[in-house]
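Residue numbers (the UniProt record's numbering): 1 to 645.
Read through the structure below, which is laid out as structure tokens, and then see the notes.
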Amino acid sequence: MLPHHSLVMYKTKPAIVVAGDPDRILIHLIDGEERRVRSKDVVLLHNGPISSFPKELPSAEAEVALELLRDEHPEGLALISWKEFVELAWNDAKPEHIVTAWHSLLDNSAVEILEDGIRIRSSEEQQKLLEKEKKRKEIVETKAAFIESFRGAWKNHDPALIDKNPLFQQFFDELSRCARGFSDESPIARELGIKMTPQAIHETLLATGYWNMAFNPWPERNGCILSSPPAPDAIAERADLALERLDLRHLSSYAIDNAWSDDPDDAISTDGERIWIHVADPAAVISPMSKLDSEAMARGSTLYLPEKTVPMLNASLVQTLGLGLSSESKALSFGITLREDGRIAETLIVPSIVKVERLTYEQADTMFESSPALQKLHGMAEIRAALRRSQSAVDIDFPEVAIRVSDGNPAFLPVPHTRSARIVQELMILAGEAAARWAYERNIPFPFAAQDSPVSEKLAGCGLGPSQSLAENYGRRRIMRAALVSSTCSAHAGLGLSFYSQVTSPLRRYQDLLAHYQIHAILARERNSKHSAPAVRTPAPLDLETMNERLYLYSQQAAKNHQAERDSRAHWTLVYLSRHRDWKGQGIVLDASAENGQILIPEFGYETQMRIPRGIKPDETVILALRRASIPELSASFDILPQSA
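Written out as structure tokens, the structure reads:
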């Protein structure tokens with residue numbers, strides 16, 4: 001047991017033993033703290049007696065002894081005990097001398113304090129420590145200057161108050177990482193007194209002028225990939241598919257889309273009573289499990305932002321595979337024959353080569369009367385729509401507004417309702433049903449799309465067709481259940497179909513590319529079965545486990561992309577409103593049943609909740625005036641003005 005009033009070292013601090021028993025001792029530390037510790041946790045320096053610590057005074061004797069040791073050992077000294085050191089300094093080894101030496105050496109860069117003595121550093125090590133300390137002080141001083149400068153700019157909303165010191169960039173980068181969702185923690189934000197949320201940090205970066213209000217952090221916050229996908233080493237058809245393409249170049253095939261679309265991946269045509277839906281064929285050049293496939297899976301889908309588009313596949317692939325971007329296009333074509341009631345009578349899926357003419361929806365509507373092919377497709381689409389409604393399909397029709405940004409300025413472009421858009425939509429649904437039935441009959445793992453029945457079929461307007469009431473369309477949307485993608489084939493209640501998949505957008509949706517992998521594998525197997533000695537080994541379809549794994553990963557990323565697109569639309573709407581604080585415009589009441597009702601601002605395609613005065617009913621038009629807009633919070637509040645306003 002250690003003697004009372006002996007001097008010990010505890011975690012490199014001197015301490016006096018005050019009391020003890022076989023298990024624990026009570027020590028009085030030099031900083032005034034008392035602790036009960038185990039004997040083995042301390043190092044005995046002197047038996048004492050010592051009852052109190054000497055005053056903290058610099059010691060010339062200790063400094064002289066240290067210089068002697070440094071001169072004798074320029075390469076450094078691994079250890080000299082406390083007893084040896086104080087005997088060198090005072091020719092004696094009293095406990096008070098050890099404490100005085102400890103005080104004198106504590107902040108000396110030439111020395112490292114140890115439990116049982118000191119280590120003397122080499123000259124080179126000391127120099128490195130001095131440089132490190134110098135840098136530490138510079139960081140402390142730079143941080144203090146940054147905090148002062150930043151607070152001034154923040155308080156006064158004046159970017160000019162931010163010092164242009166390049167050393168400040170490290171702190172701006174730290175704040176930006178948090179605001180963009182890359183980090184949950186920012187020490188500098190805490191020191192500035194900023195709430196630790198991306199929105200709060202976003203607000204301060206706007207207030208100080210470091211971020212322009214046009215900067216959109218939402219895709220990164222949602223976990224989207226914003227870099228361009230890598231280019232392929234080469235673009236060549238897969239040898240393992242042994243493709244035999246059907247020549248359909250004699251057909252008048254039309255790729256009909258929005259004027260701003262630059263990734264056309266579907267086209268339509270007719271041949272007698274057969275409808276042809278031609279789809280871009282990336283699975284003919286991209287192999288499952290390849291680098292290009294992994295990249296596409298990681299992205300999930302093409303990301304459509306108002307300010308830019310981030311494609312799922314590299315631009316060179318889209319340019320090569322897009323329908324109508326060259327004089328001739330290779331496609332995976334779905335030839336579908338209908339019964340009189342619109343049900344599918346026969347489905348033929350073939351690799352093909354087609355000649356495609358690109359049209360905007362408006363152009364297609366203009367040439368409608370002079371195009372027997374478009375007229376026939378319109379008639380077939382109408383039959384299909386009627387069939388689905390007879391099977392309780394739900395029609396939801398909301399005004400659509402496209403947002404396009406140029407030089408940081410958003411423009412809001414109403415998307416007109418066109419006959420050709422309805423034709424294309426109906427035929428893409430038809431292709432999805434045909435592919436799902438085709439895959440189900442062949443018992444292969446497949447990315448089926450399903451949706452449970454709505455909470456109330458009456459409120460959802462099942463089978464009633466389109467409604468002119470925006471409030472009714474809003475009510476239908478609210479009670480619809482989420483659609484799911486899985487390898488289990490189930491009905492899609494919203495579309496009124498027992499079988500459904502999505503197969504017409506493989507350039508921009510990974511789910512569709514997965515479907516194409518499976519279709520190509522089966523087609524290759526069926527072709528090879530006709531040959532006694534196949535030239536190549538056909539690829540096997542993805543197994544169920546692989547399909548489920550890939551669908552899960554796709555669904556996770558696709559959900560992030562969808563949320564980022566929604567948030568980005570709201571962001572640019574808020575940017576516009578923040579620049580037009582005196583905005584007034586129309587709102588259409590969608591729901592007035594709750595304390596806070598729902599209003600659509602058709603100019604922006606923006607929905608907002610607000611208190612609706614009594615007497616105002618759904619579908620009524622009201623005049624709104626902007627009260628407040630917050631870009632970081634993605635929120636805006638409005639006042640309803642008297643009609644005379």
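Backbone N, C-alpha and C fix where the C-beta goes; we use that ideal spot for every residue, glycine too.
The structure displayed is predicted, hence computed values, not measured ones.
Residue nearest to Q557 within the set I225, D265, H73 is I225 (criterion: CA-CA distance).
Straight through space, the alpha carbons of L338 and T270 are spaced by roughly 12 Å. Here N216 is buried: its Cβ has 16 or more other Cβ atoms, across all protein chains shown, within 10 Å. Judged by DSSP secondary structure, A234 falls outside any alpha helix (DSSP H); it is assigned neither H nor E. E115 sits close to V43, with the two beta carbons spaced by under 8 Å. For G20, the CB contacts under 8 Å within the same chain, skipping 5 residues up- and downstream, are M1, L2, H4, L26, S39 in chain order.
Contact between the region 320-336 and the region 425-443 is present, with at least three C-beta pairs closer than 8 Å.
In the DSSP annotation of this structure, the continuous segment of the beta strand (DSSP E) that includes G335 starts and ends at 329-338. E75 is bridged by DSSP to nothing; it lacks a bridge partner. With fewer than 16 neighbouring CB atoms inside 10 Å of its own CB, P372 falls in the exposed class. Around the beta carbon of N156, a 10 Å sphere encloses fewer than 16 other beta carbons of the protein chains shown; the residue is thus reported as exposed. Under the DSSP assignment, V37 falls outside any alpha helix (DSSP H), being part of the beta strand (DSSP E) whose first and last residues are 34-37. The beta carbons of H520 and A242 sit no closer together than 8 Å. Using a Cβ distance threshold of 8 Å, P410 and W218 do not count as a contacting pair. Ranked by how close their Cα comes to the Cα of F448, the residues V485, D512, M480, A234 have V485 in first place. Contact between L626 and R581 holds: CB atoms are separated by about 6 Å, below the 8 Å threshold. Looking at the DSSP output, V279 shares a beta bridge with D266, L332. Contact check for I235 and L317: beta-carbon distance about 7 Å, within the 8 Å limit, so the pair qualifies. Boundaries of the alpha helix (DSSP H) harbouring F150: 123-156, taken from the DSSP string. Annotation: M428 to D265 spans about 11 Å, alpha carbon to alpha carbon.
Take the alpha-carbon of S122 and the one of I80: they are about 14 Å apart. When only Cα atoms are considered, I344 and G408 end up about 48 Å apart. Distance from E565 to L305 at the Cβ level is roughly 7 Å; contact confirmed, criterion being Cβ atoms closer than 8 Å.
About 6 Å separates the CB atoms of I353 and D247; that is less than 8 Å, so the two are in contact. In this structure, DSSP gives P642 a state outside helix and strand, which the three-state scheme calls coil. Within the same chain, Cβ atoms closer than 8 Å to the Cβ of V64 are found at A89, the five residues on either side in sequence being excluded. Bridge pairing for G117: S81 [DSSP]. For V575, the enclosing alpha helix (DSSP H) starts and ends at 544-579. Judged by DSSP in its simplified three-state form, P14 adopts strand. For A110, no beta strand (DSSP E) encloses it, and the DSSP letter there is neither H nor E.
Leaving aside the five residues that flank I479 on each side, the residues in its chain whose CB is nearer than 6 Å to its CB run, in chain order, P454, V455, S456, L459, A460. Counting C-beta atoms within 10 angstroms of its own C-beta, E328 has fewer than 16 neighbours from the protein chains shown and is therefore classed as exposed. Counting only residues of its own chain and dropping the five nearest sequence neighbours on each side, M312 has a CB closer than 6 Å to the CB of A296, R299, S301, T302, R508.
In the structure shown, the three-state DSSP call for V318 is helix. The three-state reading of DSSP puts Q511 in helix, counting H, G and I together. In the DSSP annotation of this structure, the continuous segment of the alpha helix (DSSP H) that includes M297 starts and ends at 291-299.
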